[in-house]
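Numbering (our numbering), first residue to last: 20 to 357.
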């Protein structure tokens, strides 16, 4: 192998088809094809996601190689997401990686999607060191993970029902704002009064999360008001709702970091791009905690984070991280384990 490690990352866990080229931890290209077809349905349709991945995966890989000015002959390893996620979507990425591996004799590195979100922060924070307390927060996941050393993960908090991003999307739909709702609510909330109405914060004494009660409270509130009131106060309602979400996420993350004596906190996943969440954590973290977060383009699903995870794993484990055979499968309920 060359002195420089060149990795092709492939990500197809949900509705984004992505490929990226990372060279020794530097992103040379990152291509994401977002499936707009799901917007009209107000949520992800698994069968449509799988079909669109099949259509997009080869053009996306080709574009990533072209943008990086590389060819498949230059690639030293393929890092691919094999779970968790939608099984049909995952299989497109996994089978594409296997096909390239067989035809070009390129080794494969399996990557956990949640781990990749954590490692996305290394793209712009290469010197990030544990112990770290990580909040992974997205449409499908809301978890607190303690990282005491590279490759060692302990789940210390999780949602009991809805993920934070799922709750945001559902409230956005209730308010007639469309799907996905994260960016829309974030922008409207900036123009609203976060103290307009106090929505509930659940499980304040636990590191676990629950957002179903908040979702129900917003639904009851909306149904108790007439349409003109909602329209007139949409910014205030968004700000008040978002404050409840951010308050819950930030308090639990900071509490967990203190309990585990972490030197830094990390946010990862699509909801970590939220401007209010970043503002609150920056304001409340104090002087003893470092705060790591990615640029918004690396918060949502992307293959650069997958390739970066592959690179860091290779740094840590060497060639032992390569798959010995290609009989592994996609695992939709894959857990992040030590």
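Where a beta carbon is used, it is the ideal one built from N, C-alpha and C, also for glycine.
Item: Contact check, residue 39 vs residue 325, beta carbons under 9 Å; Value: yes
Item: Cα-Cα separation, residue 70 to residue 226; Value: 38 Å
Item: Euclidean distance between Cα positions of residue 30 and residue 339; Value: 22 Å
Item: Residue ranges of each beta strand (DSSP E) within the stretch 73-111, 3 or longer; Value: 96-102
Item: Three-state class that DSSP yields for residue 235 in the structure shown; Value: helix
Item: Inside the stretch 266-318 only - alpha helix (DSSP H) runs reaching at least 4 residues; Value: 294-303
Item: Ranges of the beta strand (DSSP E) found wholly within the stretch 158-200, counting only runs of at least 3; Value: 161-168, 171-177
Item: Burial state of residue 322, where buried means 16 or more other Cβ atoms lie within 10 Å; Value: buried
Item: Start and end residues, beta strand (DSSP E) containing residue 36; Value: 35-42
Item: Pick from 271, 220, 276 that is closest to residue 259, judged by C-alpha positions; Value: 220
Item: Through-space distance from residue 315 to residue 21, alpha-carbon basis; Value: Residue placement at residue 21 cannot be trusted, given a pLDDT of 49 that sits under 50; the coordinates are not used to answer.
Item: Spatial distance of residue 317 from residue 139 (CA atoms); Value: 6 Å
Item: Beta-carbon spacing of residue 197, residue 203 below 9 Å; Value: yes
Item: Alpha-carbon to alpha-carbon, residue 188 and residue 200; Value: 5 Å
Item: Alpha carbon of residue 186 to alpha carbon of residue 158, nearest angstrom; Value: 8 Å
Item: Nearest to residue 175 (by Cα), restricted to the options 154, 82, 130, 291; Value: 154
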